[in-house]
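With the first letter of the sequence shown counted as 1, position 117 gets the number 933 in our numbering; the numbers rise by one all the way through.
In this text, a Cβ means the ideal position worked out from N, Cα and C, and glycines have one as well.
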Amino acid sequence: MRLISGSAGGIPLEVPKSVTRPTQDRVRQAVFNMLGELVPDARVLDLFAGSGALGLECLSRGAVSALLVDQDRGACEVIQRNLAKTRLEGATIRQGDVFKAVARLAASGATFDLAFADPPYAHRPGDIDLSARLAADEHFQALFPAGASVVLESLATRNNASYGDVWERVRERDYGSTRIVWLRKRAGGGTSC
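Structure representation (structure tokens):
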């Protein structure tokens, strides 16, 4: 795995040895091609960050800041090493439960222009689709002004989730077993907790 483009393009990244399932280079390339000019100068939130590849890719492409959150201590240590290796500036790493971190961020009034969420996949019937749960979370919704974009990753074989009235589904595409959904916050949708 490596950063694809920008100031740190081509630098290889370490991947956590935990159960993390890193987003493949070709999927990341497709996502960033899709997002185009949304990344430069963006304030980015990378949830379930794993190796940090998505947040670091944004910094490499000109984002002004990236907050990377993962519950796994080993993943956060890997992100720190990847950050040191790439020498990118503007990153903050937080270890902890993603939903609790989102609630704290919303309470603090933090806002972001762009977010990525690549949670563990819901493989079995009855498993919770964390991507859909996150998109429906009022604290999560409060982190974004109208027009902000969120990119969710989930298992392609899951039924299409409903994201409610807060989000406009801009694009959805499957890459093998991975589904990428690009959402844009609607005007007047979910702006307070």
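**Message:** Out of Gly1004, Glu969, Glu905, Thr973, which one is the CA nearest neighbour of Arg877?
**Reply:** Glu905
**Whole runs of the alpha helix (DSSP H) within the region 903–950, excluding any shorter than 4 residues** = 914–924
**Asked** So Glu988 packs on Val894, CB below 8 Å; how close in whole Å?
**Response** The pair is not a contact, with the Cβ atoms about 29 Å apart (cut-off 8 Å).
**Item:** Asp913 versus Pro961, Val855, Glu954, Phe864, residue with shortest Cα-Cα distance
**Value:** Phe864
**Asked** Is the distance from the Cβ of Ser947 to the Cβ of Ala933 below 8 Å?
**Response** yes
**Message:** Strictly by DSSP, which residues pair up with Leu971?
**Reply:** Thr994
**Message:** Quick check on the burial criterion: 16 or more other C-beta atoms within 10 angstroms. Buried or exposed for Asp929?
**Reply:** buried
**Request:** To the nearest angstrom, report how far apart Gly852 and Leu921 are at their CA atoms.
**Result:** 26 Å
**Message:** I need the straight-line Cα distance from Gln887 to Gly1004, nearest angstrom please.
**Reply:** 31 Å
**Asked** Does DSSP put Ala846 in a helix, in a strand, or in coil?
**Response** helix
**Prompt:** Short check: CB of Leu870 to CB of Arg903, under 8 Å?
**Reply:** no
**Message:** So the candidates are Gln840, Asn898, Val918; which of them puts its Cα closest to the Cα of Leu875?
**Reply:** Asn898
**Item:** Pair within 8 Å by beta-carbon distance, Ser970 and Arg949
**Value:** no
**Item:** Helix, strand or coil at Ala958 [DSSP, three-state]
**Value:** coil
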